[in-house]
Amino acid sequence: MWQLLIIALNVVAFAAGQCPTTIKAPCTCSTTRFEPISIHCDRADSIESVIKALANPPQYIDSLTISNTPIEQISEGIFTGLSIRRLILQNNGLQDIKKGAFSGTLLNSLRELEIRSNGFEVIPENGITELRSLEALVLSDNNIEKIDDYTFLHYQSRTHLKKLDLSANKISQLPAQSLLGLENLQTLILDKNMFSSVPTEALKNVQTLEDLSLSVNKIKVIEPNALPLPSLKSLSLEVNLIEILRPEVFQDTPGLLYLYLSNNRFSIVDPKSFYYVKQLKVLAMSHNVALKLIPFNAFQYIPSLIRLEMTDCSIGTLEEGAFHKTPKIQISTIDDYSFSRLKMLQKLDLSGNKLESVYPNTFFDTFEKSMESVLKVLYLYDNPWRCDHQIVWLAKWLRQTLDLQITAPGNLPARCTQPPELTGIDLRNAEPMIHVTLTTTTKKAVKPGYPMRAINTNSIEDWSSHTTYTPYERNEQAPVATSPLSTIITLIVIMLAILCIKPHSPKAHSHSSSERGDYGIDSSNASGLASIYGSNAMLACDFQTAKPFVGLPRQPCDVGTDSYHLNRSNNWWF
30 MWQLLIIALN
40 VVAFAAGQCP
50 TTIKAPCTCS
60 TTRFEPISIH
70 CDRADSIESV
80 IKALANPPQY
90 IDSLTISNTP
100 IEQISEGIFT
110 GLSIRRLILQ
120 NNGLQDIKKG
130 AFSGTLLNSL
140 RELEIRSNGF
150 EVIPENGITE
160 LRSLEALVLS
170 DNNIEKIDDY
180 TFLHYQSRTH
190 LKKLDLSANK
200 ISQLPAQSLL
210 GLENLQTLIL
220 DKNMFSSVPT
230 EALKNVQTLE
240 DLSLSVNKIK
250 VIEPNALPLP
260 SLKSLSLEVN
270 LIEILRPEVF
280 QDTPGLLYLY
290 LSNNRFSIVD
300 PKSFYYVKQL
310 KVLAMSHNVA
320 LKLIPFNAFQ
330 YIPSLIRLEM
340 TDCSIGTLEE
350 GAFHKTPKIQ
360 ISTIDDYSFS
370 RLKMLQKLDL
380 SGNKLESVYP
390 NTFFDTFEKS
400 MESVLKVLYL
410 YDNPWRCDHQ
420 IVWLAKWLRQ
430 TLDLQITAPG
440 NLPARCTQPP
450 ELTGIDLRNA
460 EPMIHVTLTT
470 TTKKAVKPGY
480 PMRAINTNSI
490 EDWSSHTTYT
500 PYERNEQAPV
510 ATSPLSTIIT
520 LIVIMLAILC
530 IKPHSPKAHS
540 HSSSERGDYG
550 IDSSNASGLA
560 SIYGSNAMLA
570 CDFQTAKPFV
580 GLPRQPCDVG
590 TDSYHLNRSN
600 NWWF
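The sequence shown begins at 30 in the numbering used here and counts up by one.
Below is the structure:
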């Protein structure tokens, strides 16, 4: 019993050591797996009131967010005494940073600085240039119109800086020497600006760049050799005005793995466009409404392609052999109505993929009215079908459509792989057995199939229509952290009560240590108590980024109010 009490007290001591009780409103503190001390101060009267609320601060703060608070400038020494790894200043009306603003321990401790939704018109130099260990600088959603030559050459942390985010500004060009000095930059985000062309000359000074994003701009043409980036792995050109890509565009990016071209004006997939990117794994070309043709051998030069995204296009012709020489593509999901109303379709091969289920209207009004003398083929074999209530409609339809060939000669039939009791059952004969399984495992049979639904094929939403918060306006979406300390204290009180009522007779004290084992605590219980305070679950953003692709590091998770999500390599799973 005493061991249990000691463990509980240690848990309380650990919890108290993470988030100090001295922090006052409007600041709150939370503990996460990746940030033991994360402080958020929202709608304070001033930055001075924030500092006052952080009286007796912890020795080290993993992240400090100050949002919706009127801060016209950051004065010298305002953060003296604070050691912070990540500082976020969001929607404060901030326009100026004074020299010495980050003096003290912050000069060496600060790794990430985010100044979002403020009023800067140029890249701030005072204060920031003095930081020595800065790895990520985010200046998104400001009013920056230009970047002067040699801007970053004066940054003491220029060799440490790996990420630069200048998205949602008014930048139309980058001078040739504007990025000079950023010798180890890996990620450059220029989304939502006013670029009409790729800033080639400026990019020549960041040869280490691995991730470049120029989405939501006004780029029409990309000139040959416009991307002098031999280390580039991910390129996003979504939501632009591009109609064609010449092969020479990618001549200097042989290691490109992820290419995002959605929401442009492509009318055809030109095989030659990908001649120099033979290692490409992901290609996204959705929402190209003018895209009507996928020709023979369209992807012949990218045999490593794993994922191809082409939803909401106007594809009318898919030539035979269009996916020739792309053996690694495997489909795991097919949208409802994907092959509907194709009355003249005679053969569709979906074999050798990762399909577990398909929607009830996937083949709506297809294969129904073909000429009876023509063999109808729908190859479904070599897929890991999950035979549950969601696939009853397919099994029933296949049993009623016996003239539809679903397995190629010489191959095993399409079979169930899940659940275990149906493993190996022919998909065409699985319907009765699925019903039996459902009856024995559920109190009420599940009605198979789904009602017919309409498809939303609207293009990507206009990013400019999103809500923006004016300075000092309360952000209702801001997270509110609560401490589980009261739960721990309640647990201790209960254990003390049990300890007090336990009989302390001589006989009880004469028990051997082995007999007292019933009052001990095993390792599983101990870990359970520990998990009460520190969550083992990942945050949503960490969950998306915890699966880095081959050759790509985990991307930092951006926290902001912007809900427009572009395709990013860290959002794909395989």
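Just so it is clear, CB atoms sit at the ideal spot from N, CA and C, and this is done for glycine as well.
Cβ contact annotation for I95 (same chain, cutoff 6 Å, sequence separation greater than five): C70, V79, L118, in chain order. Counting only residues of its own chain and dropping the five nearest sequence neighbours on each side, G148 has a CB closer than 8 Å to the CB of G122, L123, Q124, N171, N172.
Secondary structure within the stretch 259–286: the beta strand (DSSP E) runs of 3 or more consecutive residues, fully enclosed, are 263–265 (chain order).
Between the alpha carbons of T98 and T57 lies a distance of about 15 Å. Close CB contacts of P49 within its chain, under the 6 Å cut and outside five residues either way in sequence, are with P87 (chain order).
In the same chain as S333, and ignoring 5 residues on each side of it, the C-beta atoms closer than 8 Å to its own belong to K307, Q308, L309, K310, K357, in chain order. The beta carbon of L409 sits closer than 7 Å to the beta carbons of L379, S380, I435, A443, L456 from its chain, once the five residues preceding and following it are set aside; these are given in chain order. A direct Cα-Cα distance of roughly 21 Å separates I68 from Q102. Nearest neighbour of K383 by Cα position, chosen from W414, K354, Y366, turns out to be W414. As summarised for the stretch 332–399, the continuous beta strand (DSSP E) elements at least 3 residues long and confined to that stretch are 336–338, 376–378, given in chain order. If you draw a straight line from the Cα of I363 to the Cα of S207, it is about 45 Å long. N198 is classed as buried because its beta carbon has at least 16 other beta carbons within 10 Å across all chains shown. Rounded to whole angstroms, the Cβ separation of I90 and I113 is 5 Å, and the two are in contact under 8 Å. Around L423, the same chain offers V387 as residues with beta carbons nearer than 7 Å, after the five sequence neighbours per side are excluded.
In the three-state DSSP reduction, K425 falls in the helix class (H, G or I).
When the alpha-carbon of H418 is set against those of L377, N440, V465, V406, the nearest one is in V465. V227 is positioned such that its CB atom lies no closer than 8 Å to that of I200. Annotation: Q119 is outside any alpha helix (DSSP H); the continuous beta strand (DSSP E) that includes it extends over 113–119.
In the three-state DSSP reduction, E154 falls in the coil class, being neither helix nor strand. In the DSSP annotation of this structure, the continuous segment of the alpha helix (DSSP H) that includes T229 starts and ends at 229–232. L264 is not a Cβ neighbour of G284, given a cutoff of 8 Å.
Residue T446 holds the alpha-carbon nearest to the alpha-carbon of N412 among N390, D394, T446. In this structure, the CA atom of L337 is about 35 Å from the CA atom of T61. Judged by beta-carbon spacing, Q236 lies within the 8 Å limit of P259, meaning their Cβ atoms are closer than that value. Going by DSSP, S96 is part of no alpha helix (DSSP H) but of the beta strand (DSSP E) stretching over 90–96.
Under DSSP, C56 shares a beta bridge with C70.
If you draw a straight line from the Cα of K191 to the Cα of D240, it comes to about 10 Å. Around the beta-carbon of L407, 16 or more other beta-carbon atoms lie within 10 Å, marking it buried. Burial check for G156: the Cβ neighbour count within 10 Å reaches 16 or more, so the residue is buried. Using a 10 angstroms sphere on the CB of D178, the tally of other CB atoms stays under 16, which defines it as exposed. Apart from the 5 residues on each side of it in sequence, L433 sits with its Cβ closer than 8 Å to the Cβ of F396, K405, V406, L407, L427 in its chain, given in chain order. The C-beta distance from F295 to E272 rounds to 6 Å, short enough to fall under 8 Å.
Pairing S361 with L203, the inter-Cα distance amounts to about 41 Å. Residues N198, I200, N246 of the same chain have their beta carbon placed closer than 6 Å to that of N222, with the five preceding and five following residues left out of the count. Distance check between S75 and each of P65, A54, G110, M339 places A54 closest, using alpha-carbon atoms only. Here DSSP, grouped into helix, strand and coil, assigns K81 to helix.
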